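What follows is a single structure, written as structure tokens, with notes after it.
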Amino acid sequence: MYVEMKHINKNFGDYEAAKDINFGVEQGRMVALLGPSGSGKTTILRMIAGLERQDSGDVVIEGKVVNDIAARDRGIGFVFQNYALFRYMTVYENVAFGLRVQKEEKQKIHSRVTELINLVGLEGMEKRYPDQLSGGQRQRVAFARALAPNPQLLLLDEPFAAIDAKVRKELRGWLKEMIAKVGITSIFVTHDQDEAVEVADDIIIINEGRLEQMGSPMEIYKKPKTSFVAQFIGTSAVLDDFSGFKGFEDLPKGKQAIVRPEFVEAFKSDNEKFKSLMHATETGVIKDIAFRGSYQELTLEVNGILLSTNRSLERRPVRVGEQMCVLVYRVYILDETDAEIHKNQLLKGVDIEAL
Amino acid sequence: MKNQESMTMESSKNQKGAGSGEGKLARCLLIGISVLFLLIMLVFPLVEVIYRSLKEGLKMYGDALTAPNTLSALGVTLIAAVIALAVNTFFGLCAAWLITKFDFRGRQLLSTLIDIPFSISPVIAGLAFIMTFGRMGWAKPLIDGVNDLFGTDISLVFSVPGVVLATIFVTFPFVSRELIPVMQAQGSAEEEAAAMMGAKGLTIFRRVTFPHIKWALLYGMILCAARALGEFGAVYAVSKARGKTFTLPLEIDALYMAGSADSITQAFAVSSLLVIMAIIILILKQIVEYRGKREQ
Ligand SMILES: Nc1ncnc2c1ncn2[C@@H]1O[C@H](COP(=O)(O)OP(=O)(O)OP(=O)(O)O)[C@@H](O)[C@H]1O
Ligand SMILES: [Mg+2]
Numbered sequence: 001m002y003v004e005m006k007h008i009n010k011n012f013g014d015y016e017a018a019k020d021i022n023f024g025v026e027q028g029r030m031v032a033l034l035g036p037s038g039s040g041k042t043t044i045l046r047m048i049a050g051l052e053r054q055d056s057g058d059v060v061i062e063g064k065v066v067n068d069i070a071a072r073d074r075g076i077g078f079v080f081q082n083y084a085l086f087r088y089m090t091v092y093e094n095v096a097f098g099l100r101v102q103k104e105e106k107q108k109i110h111s112r113v114t115e116l117i118n119l120v121g122l123e124g125m126e127k128r129y130p131d132q133l134s135g136g137q138r139q140r141v142a143f144a145r146a147l148a149p150n151p152q153l154l155l156l157d158e159p160f161a162a163i164d165a166k167v168r169k170e171l172r173g174w175l176k177e178m179i180a181k182v183g184i185t186s187i188f189v190t191h192d193q194d195e196a197v198e199v200a201d202d203i204i205i206i207n208e209g210r211l212e213q214m215g216s217p218m219e220i221y222k223k224p225k226t227s228f229v230a231q232f233i234g235t236s237a238v239l240d241d242f243s244g245f246k247g248f249e250d251l252p253k254g255k256q257a258i259v260r261p262e263f264v265e266a267f268k269s270d271n272e273k274f275k276s277l278m279h280a281t282e283t284g285v286i287k288d289i290a291f292r293g294s295y296q297e298l299t300l301e302v303n304g305i306l307l308s309t310n311r312s313l314e315r316r317p318v319r320v321g322e323q324m325c326v327l328v329y330r331v332y333i334l335d336e337t338d339a340e341i342h343k344n345q346l347l348k349g350v351d352i353e354a355l
Numbered sequence: 001m002k003n004q005e006s007m008t009m010e011s012s013k014n015q016k017g018a019g020s021g022e023g024k025l026a027r028c029l030l031i032g033i034s035v036l037f038l039l040i041m042l043v044f045p046l047v048e049v050i051y052r053s054l055k056e057g058l059k060m061y062g063d064a065l066t067a068p069n070t071l072s073a074l075g076v077t078l079i080a081a082v083i084a085l086a087v088n089t090f091f092g093l094c095a096a097w098l099i100t101k102f103d104f105r106g107r108q109l110l111s112t113l114i115d116i117p118f119s120i121s122p123v124i125a126g127l128a129f130i131m132t133f134g135r136m137g138w139a140k141p142l143i144d145g146v147n148d149l150f151g152t153d154i155s156l157v158f159s160v161p162g163v164v165l166a167t168i169f170v171t172f173p174f175v176s177r178e179l180i181p182v183m184q185a186q187g188s189a190e191e192e193a194a195a196m197m198g199a200k201g202l203t204i205f206r207r208v209t210f211p212h213i214k215w216a217l218l219y220g221m222i223l224c225a226a227r228a229l230g231e232f233g234a235v236y237a238v239s240k241a242r243g244k245t246f247t248l249p250l251e252i253d254a255l256y257m258a259g260s261a262d263s264i265t266q267a268f269a270v271s272s273l274l275v276i277m278a279i280i281i282l283i284l285k286q287i288v289e290y291r292g293k294r295e296q
């Protein structure tokens with residue numbers, strides 16, 4: 001493990017911002033801290049950086065407990081949420097700062113800064129001040145500046161938050177590529193799950209100061225361990241009682257269920273492909289059709305419950321009010337804290353993946 | 001920040017004025033009132049000072065300025081102002097730094113305490129000094145102890161050190177009050193970024209914090225100096241020896257109170273000295289404001 005958090009607790013006054021946080025990040029990995037606003041992501045990042053001191057527990061970097069090592073001596077690169085570029089310094093001076101502080105030779109500084117400015121594609125902007133740059137350019141400067149002193153660990157707090165949606169998407173890819181190129185261990189904070197899924201090797205889900213789950217994006221998506229994760233990840237409708245549905249009669253009563261769009265299939269009653277599954281379907285009426293760019297999102301009323309599903313544009317057109325056959329493959333049933341997958345009983349023995 | 005505010009105020013005023021005749025009238029009226037007020041309260045009295053000081057001719061003016069009492073007062077005033085400026089600049093920086101960059105218990109209290117000289121009468125401050133350090137004050141034995149130890153003869157009341165202390169007291173909020181809003185608006189992210197790159201406290205201050213606050217700092221120092229030169233009440237309480245511990249404002253008062261035609265003219269001559277200093281400070285202040293604004 002390159003970075004480890006061991007039983008970390010942190011209070012602000014009597015507010016518990018981190019409760020017994022434990023996790024480890026292996027060298028070279030890119031990990032996302034994902035969670036809703038105010039869940040404690042920034043606090044965790046700042047404790048790793050040494051900008052905030054935990055009340056108890058150990059921060060371990062490269063096998064060394066660094067609790068008593070000041071932020072400036074931890075050798076960590078940090079990209080701040082609003083970049084915190086030095087506004088009275090040019091782009092060049094911003095990137096050179098860390099090297100100057102370490103009293104590097106002028107020649108060395110120059111070549112390193114030039115190398116980094118080229119790496120992030122800001123050639124020709126060395127003499128500009130931060131307020132003469134676009135959001136995306138500032139982000140690149142912040143990134144280059146954090147990398148300049150050659151840190152072994154890079155921490156990024158919402159690196160894309162201040163950038164508009166389109167550029168954000170571009171920058172995500174860019175950042176992932178850059179980090180892969182530099183080969184640096186990195187942890188970044190985000191509250192955008194698309195971002196986490198797209199960029200990170202592993203995701204750590206934080207909620208109310210607690211670590212809910214850590215795993216690969218796929219694991220988190222397929223096997224949510226807690227009810228929070230099941231609700232937080234993906235688009236999901238939470239239903240109060242699902243036990244009335246065909247194939248789910250043996251569900252425990254009075255428990256909440258989560259149905260994601262991809263758990264639901266809707267087809268016309270004359271559909272040949274799904275003929276063999278007709279016995280497991282309920283009847284639903286289309287209440288709403290929303291165009292989502294590359295697909296349609298249908299909202300169907302089934303047994304008085306609203307379910308949604310995504311429909312490819314390649315399939316036959318449907319209209320609001322039309323009756324459809326609705327098949328639910330599986331649901332998550334939520335306990336107090338856990339989430340459990342339940343499959344449709346009537347589909348036993350059917351190879352759904354082959355459909 | 002102050003500048004921005006006044007700028008937006010001006011532009012909104014202009015918009016209103018251009019819109020309606022009523023707005024135009026109101027604007028003229030407001031300008032008229034302000035100008036009249038400034039003339040009566042400020043310009044006429046100042047012109048009067050200069051006029052009176054020169055009324056008896058340049059010889060008289062020169063004599064008044066070179067009288068031993070005046071020179072002594074000028075010396076004391078400058079000593080007090082320079083020391084107060086140095087001490088309060090340092091203290092103001094520390095206090096503003098502490099209040100804006102650290103989170104600790106009692107921060108609010110400290111912030112309020114700093115403002116005390118603004119809210120209590122300077123005379124009370126002076127009297128409080130006498131009570132504390134004077135013959136019957138509780139701190140008197142302490143000072144005596146120090147004097148015995150070092151063989152010195154420092155006395156804090158009715159002496160130049162007392163004048164300096166009183167001046168420091170009344171002027172200490174100026175620097176920190178100018179710095180706090182600027183430093184608060186800046187936050188501590190840039191400092192933290194510098195720290196993450198390995199910079200130490202002094203480097204961070206010199207390279208990151210200082211460029212940001214330098215105009216506010218200069219502005220605060222100018223206000224502090226202006227007040228230090230002109231302070232009367234607090235100094236009056238701790239300074240009783242004309243020709244030894246009097247500052248310019250006290251000397252002016254003494255000359256004026258003497259009541260003869262000559263001494264009154266002398267009072268005005270000495271006053272003109274303070275007015276000239278004030279004008280220099282005002283010009284400096286304008287320059288600082290202008291440059292600070294341009295750099296934003
Ligand atoms: N210095 C502080 N003093 C008091 N409370 C704080 C402090 N910093 C953070 N908190 C509280 O701790 C909790 C977690 O804050 P944190 O900034 O870590 O959240 P976050 O997950 O980064 O949220 P966001 O996504 O909105 O940035 C919040 O409820 C916040 O109000
Ligand atoms: Mg945050």
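Keeping their order, the protein sequence lines are chains Z and B.
Number 355 marks the last residue of the first sequence (this note's numbering); no jumps.
Number 296 marks the last residue of the second sequence (this note's numbering); no jumps.
Cβ atoms here follow ideal geometry from the backbone N, Cα and C, with glycine treated the same way.
On a predicted model such as this, the values are computed, not experimentally measured, just so you know.
Original post:
Is the closest heavy atom of ligand 2 to the C-beta of Z:LYS10 under 7 Å?
Top reply: no
**OP:** Output, in sequence order along the chain, the residues in the segment 24 to 57 of chain Z whose CB is closer than 9 Å to any CB in chain B.
**Re:** ARG46, ALA49, GLY50 and LEU51
Subject >> Residues of the segment 201 to 212 of chain B with Cβ closer than 8 Å to any Cβ of chain Z, in chain order >> reply: THR203, ARG207, VAL208, PRO211 and HIS212
Original post:
What are the boundary residues of the alpha helix (DSSP H) that includes B:ILE31?
Top reply: 21 to 38
Subject >> Test: B:PHE106 CB closer than 8 Å to a CB of chain Z >> reply: Reading the sequence as shown, one finds Gly at residue 106 of chain B and not Phe. Output row for B:GLY106: interface = no.
**OP:** Could you tell me the distance, in whole angstroms, from the CA atom of B:LEU218 to the CA atom of B:ARG291?
**Re:** 11 Å
Original post:
Between Z:GLN139 and chain B, is there a C-beta pair that is closer than 8 Å?
Top reply: no
Original post:
Are the beta-carbon atoms of Z:ILE203 and Z:GLU212 separated by less than 8 Å?
Top reply: no
**OP:** Closer than 7 Å, Cβ to Cβ, to anything on chain B: give me those residues from the segment 138 to 169 of chain Z, in chain order.
**Re:** PRO149
Original post:
Nearest chain B C-beta to Z:TYR2 closer than 8 Å, yes or no?
Top reply: no
Original post:
Hey, is B:ALA18's beta-carbon within less than 8 Å of any beta-carbon in chain Z?
Top reply: Because B:ALA18 sits at a pLDDT of 48, beneath the cut-off of 50, its placement in the model cannot be relied upon, and the following sentence gives the value as read from the coordinates. Taking Cβ atoms only, chain Z never reaches closer than 8 Å to B:ALA18, which makes this a no.
**OP:** Pull up the DSSP beta-bridge partners for Z:ASN9, would you.
**Re:** Z:SER56
Original post:
Which residues, in chain order, does the segment 93 to 105 of chain Z contribute to contact with chain B at a C-beta distance below 7 Å?
Top reply: PHE97, GLY98, VAL101 and GLN102
Subject >> ligand 2 site residues, beta-carbon cut 7 Å against heavy atoms >> reply: Z:LYS41, Z:THR42, Z:GLN81, Z:ASP157, Z:GLU158 and Z:VAL189
**OP:** Could you give the DSSP three-state label for Z:GLY77: helix, strand or coil?
**Re:** strand
Original post:
By Cβ distance, which residues of its chain are closer than 7 Å to Z:ASP288, with the 5 residues on each side in sequence left out?
Top reply: THR299 and VAL320
Subject >> Neighbour-count burial assignment, Z:ASP157, 16 or more Cβ in a 10 Å radius >> reply: buried
**OP:** Consider the C-beta atom of Z:GLY35 and the heavy atoms of ligand 1; say whether any pair is separated by less than 7 Å.
**Re:** yes
Original post:
What are the start and end residues of each continuous alpha helix (DSSP H) run of 4 or more residues lying completely inside the segment 241 to 271 of chain B, in chain order?
Top reply: 248 to 258
**OP:** Would you kindly report the start and end of the unbroken alpha helix (DSSP H) that includes B:MET60?
**Re:** 58 to 66
Subject >> 8 Å Cβ cut-off: residues of chain B touching Z:ASN82 >> reply: ALA189
Original post:
Closer than 7 Å: is that where the CB of Z:GLY38 sits relative to any heavy atom of ligand 1?
Top reply: yes
Original post:
Is Z:HIS342 near ligand 1, judged by its Cβ being under 7 Å from some heavy atom?
Top reply: no
Original post:
Would the C-beta of Z:ASP55 count as close to ligand 1, meaning under 7 Å from any of its heavy atoms?
Top reply: no
**OP:** Name the two residues that bound the continuous beta strand (DSSP E) containing Z:HIS342.
**Re:** 339 to 343
Subject >> Cutoff 6 Å; reference Z:LYS255; Cβ partners in own chain excluding five residues on either side >> reply: ILE333
Subject >> Test item: CB-CB of B:GLY220 and B:PHE172 under 8 Å >> reply: no
Original post:
Any beta-carbon of chain Z closer than 8 Å to the one on B:MET7?
Top reply: For B:MET7, the pLDDT reaches just 42, beneath the cut-off of 50, and the residue's location in the model is therefore unreliable, although a value from the coordinates is still provided. Closer than 8 Å: no.
Original post:
Exposed or buried, what is B:LYS24 when buried is set at 16 or more other beta-carbons lying within 10 Å of its beta-carbon?
Top reply: exposed
Original post:
Out of Z:ASN118, Z:ASP164, Z:ALA96 and Z:THR281, which has the shortest C-alpha to C-alpha gap to B:ALA194?
Top reply: Z:ALA96
**OP:** Write down every uninterrupted run of the alpha helix (DSSP H) in the segment 128 to 214 of chain Z whose length is 4 residues or greater and which is fully enclosed by it, in chain order.
**Re:** 135 to 147, 165 to 182 and 193 to 199
**OP:** Consider the C-beta atom of B:ASP103 and the heavy atoms of ligand 1; say whether any pair is separated by less than 7 Å.
**Re:** yes
Original post:
Out of B:SER155, B:CYS224 and B:LEU165, which has the shortest C-alpha to C-alpha gap to B:LEU85?
Top reply: B:CYS224
Subject >> CB contact flag (Z:VAL189, Z:LEU45, <8 Å) >> reply: yes
**OP:** Compute the minimum distance between the beta carbon of B:ALA125 and the heavy atoms of ligand 1, and state whether it is under 7 Å.
**Re:** no
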